[in-house]
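Enquirer:
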């Protein structure tokens with residue numbers, strides 16, 4: 001439709017304060033809790049909203065139309081219909097209507113019949129990988145001349161266990177799996193001792209175990225869920241057995 005008629009939003013707006021992804025996830029969650037199966041396709045009949053409400057059916061999708069304001073300064077722009085009507089360069093300008101600012105070239109009335117991918121494709125066909133020189137680029141944010149340096153330091157602050165000396169040979173996932181297998185935190189040197197292909201003595205030996213304080217047998221460490229014999233989930237151990 002033309003810019004003078006309004007803008008059509010092809011997006012589900014039935015539920016307030018929720019995206020259609022959130023609504024879809026909620027549909028799946030309710031269906032699995034009730035039936036153990038994914039939700040059934042939404043019936044398309046009846047189409048009347050009152051009849052659908054009486055049958056406890058969700059409303060059908062309808063595009064939402066928003067009327068443009070009367071004082072929009074770009075309503076007189078004629079939209080391009082054919083690609084050969086495009087200028088040498090596609091100049092983007094911020095489109096404002098009813099207080100809303102649209103930072104997309106497809107919202108400009110002259111380009112409203114084409115999507116971003118089509119406009120980019122036609123620009124490439126003309127050899128314009130970059131904007132031609134006469135085209136003025138309008139930045140979203142005007143650069144500030146008064147740049148105030150922020151206080152800081154040149155030293156890096158690494159917020160990761162893998163950056164600590166003694167743990168820099170393995171990833172966080174490997175340390176996590178090793179903890180599940182052995183029930184305690186291990187260093188990189190200890191993990192290398194468990195991995196095949198490393199000759200003994202090439203690395204520091206693991207620390208000796210603590211002496212038992214009681215004569216009773218130690219409580220065995222519970223095995224991870226995925227290590228059970230009946231489990232069908234693949235075992236990811238990074239070779240740490």
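In the UniProt record's numbering, the protein residues as written are 1 to 241.
The beta carbon of each residue, even a glycine, is placed where N, CA and C say it ideally should be.
(1) Can you give me the start and stop residues for the beta strand (DSSP E) that residue 100 sits inside?
(2) Count the other CB atoms, across all protein chains shown, that sit within 10 Å of the CB of residue 111; report buried if there are 16 or more and exposed otherwise.
(3) Quick one: what does DSSP say residue 72 is sitting in, helix, strand or coil?
(4) Tell me which same chain residues have a C-beta within less than 8 Å of the C-beta of residue 172, skipping the five on either side of it?
(5) Using C-beta distances below 8 Å, list every residue in its chain close to residue 105, excluding the 5 sequence neighbours before and after it, in chain order.
(6) Only counting the same chain, and skipping five residues up and downstream in sequence, which positions put a Cβ closer than 6 Å to that of residue 186?
(7) If you compare alpha carbons, which of 42, 66, 65 is closest to residue 59?
(8) Hey, out of 132, 184, 40, whose CA is closest to residue 209's CA?
(9) At which residues does the beta strand (DSSP E) containing residue 9 begin and terminate?
(10) Contact defined as beta carbons within less than 8 Å: I believe residue 83 pairs with residue 122. What is the distance between those atoms, to the nearest angstrom?
(11) How big is the Cα-Cα spacing for residue 126 and residue 102?
(12) Is it right to say residue 32 is buried, meaning 16 or more other beta carbons lie within 10 angstroms of its own, or is it exposed?
(13) Give me the Cβ distance between residue 113 and residue 80, rounded to the nearest whole Å; I'm assuming they're in contact under 8 Å.
(14) Buried or exposed for residue 10, going by 16 or more other Cβ atoms inside 10 Å?
(15) With a threshold of 7 Å on Cβ separation, who are the neighbours of residue 40 within its own chain once the five nearest residues in sequence on each side are excluded?
(16) Can you give me the Cβ contacts of residue 108 inside the same chain, cut-off strictly under 6 Å, excluding the 5 residues immediately before and after it?
(17) Going by the DSSP bridge assignment, what does residue 97 pair with across the sheet?
(18) Would you kindly work out how many angstroms separate the C-alpha atoms of residue 73 and residue 87, rounded to a whole number?
(19) If we ignore side chains and look at the alpha-carbon of each, how far apart do residue 49 and residue 97 end up?
(20) Looking at residue 63 and residue 7, is the spacing between their C-beta atoms short of 8 Å?
(21) According to the neighbour-count rule (16 or more other Cβ atoms, all chains shown, within 10 Å of its Cβ), is residue 175 buried or exposed?
(22) Buried or exposed: residue 167, going by 16 or more other Cβ atoms within 10 Å of its Cβ?
(23) Tell me residue 66's beta-bridge partners as DSSP assigns them.
Expert: Result, derived from the coordinates:
(1) On the chain shown, position 100 is the one that residue 100 refers to. Unbroken beta strand (DSSP E) run through residue 100: 100-102.
(2) In the chain shown, residue 111 corresponds to position 111, counting from 1. Buried is the call here.
(3) By 1-based counting over the chain shown, the position of residue 72 is 72. Because residue 72 sits at a pLDDT of 48, beneath the cut-off of 50, its placement in the model cannot be relied upon, and the following sentence gives the value as read from the coordinates. Residue 72 falls in the coil class under three-state DSSP.
(4) Here residue 172 refers to the residue found at position 172 when the chain shown is read from its first residue. Taken in chain order, the residues that qualify are 160, 161, 162.
(5) On the chain shown, position 105 is the one that residue 105 refers to. Cβ neighbours of residue 105 beyond the five flanking positions: 90, 92, 111, 116, 119.
(6) If you number the chain shown from 1, residue 186 lands on position 186. Same-chain partners within the cutoff: 178.
(7) Numbered from its first residue, the chain shown carries residue 59 at position 59. Measuring C-alpha to C-alpha distances from residue 59 to each of 42, 66, 65 identifies 42 as the nearest.
(8) Here residue 209 is taken as the residue at index 209 of the chain shown, counted from 1. Checking every option, the nearest Cα to that of residue 209 belongs to 184.
(9) What you label residue 9 is simply residue 9 of the chain shown in a count that begins at 1. Segment 7-9, the beta strand (DSSP E) holding residue 9.
(10) Translated into positions along the chain shown, residue 83 becomes position 83. Translated into positions along the chain shown, residue 122 becomes position 122. Indeed, because the Cβ distance is near 5 Å, the residues count as touching under 8 Å.
(11) By 1-based counting over the chain shown, the position of residue 126 is 126. By 1-based counting over the chain shown, the position of residue 102 is 102. Distance between the alpha carbons of residue 126 and residue 102: 26 Å.
(12) Counting from 1 along the chain shown, the entry for residue 32 is found at position 32. So residue 32 ends up on the exposed side.
(13) For the purposes of this step, residue 113 is identified with residue 113 of the chain shown, where counting begins at 1. For the purposes of this step, residue 80 is identified with residue 80 of the chain shown, where counting begins at 1. That pair is a contact at about 7 Å.
(14) The residue given as residue 10 occupies position 10 in the chain shown. By the neighbour-count rule (16 or more Cβ atoms within 10 Å), residue 10 is not buried but exposed.
(15) Numbered from its first residue, the chain shown carries residue 40 at position 40. Hits under 7 Å: none found.
(16) For the purposes of this step, residue 108 is identified with residue 108 of the chain shown, where counting begins at 1. For residue 108, where only same-chain residues beyond five positions count, the Cβ hits under 6 Å are 95.
(17) Taking the first residue of the chain shown as 1, we reach residue 97 at position 97. Residue 97 pairs with 100.
(18) Along the chain shown, one-based indexing puts residue 73 at 73. Along the chain shown, one-based indexing puts residue 87 at 87. Below a pLDDT of 50, predicted positions are generally treated as unreliable, and residue 73, at 49, falls in that range; no measurement from the model is reported.
(19) Taking the first residue of the chain shown as position 1, residue 49 is located at position 49. Taking the first residue of the chain shown as position 1, residue 97 is located at position 97. So the two alpha carbons sit approximately 31 Å from each other.
(20) As a position in the chain shown, residue 7 is number 7, starting the count at 1. As a position in the chain shown, residue 63 is number 63, starting the count at 1. Between residue 7 and residue 63, the gap from beta carbon to beta carbon reaches 8 Å or more.
(21) Position 175 of the chain shown, counted from the first residue, corresponds to residue 175. It counts as buried.
(22) The residue you call residue 167 lines up with position 167 of the chain shown. Buried, by the Cβ-count rule.
(23) Mapped onto the chain shown, residue 66 falls at position 66. DSSP, once it has assigned bridges, lists 7 as partnering residue 66.
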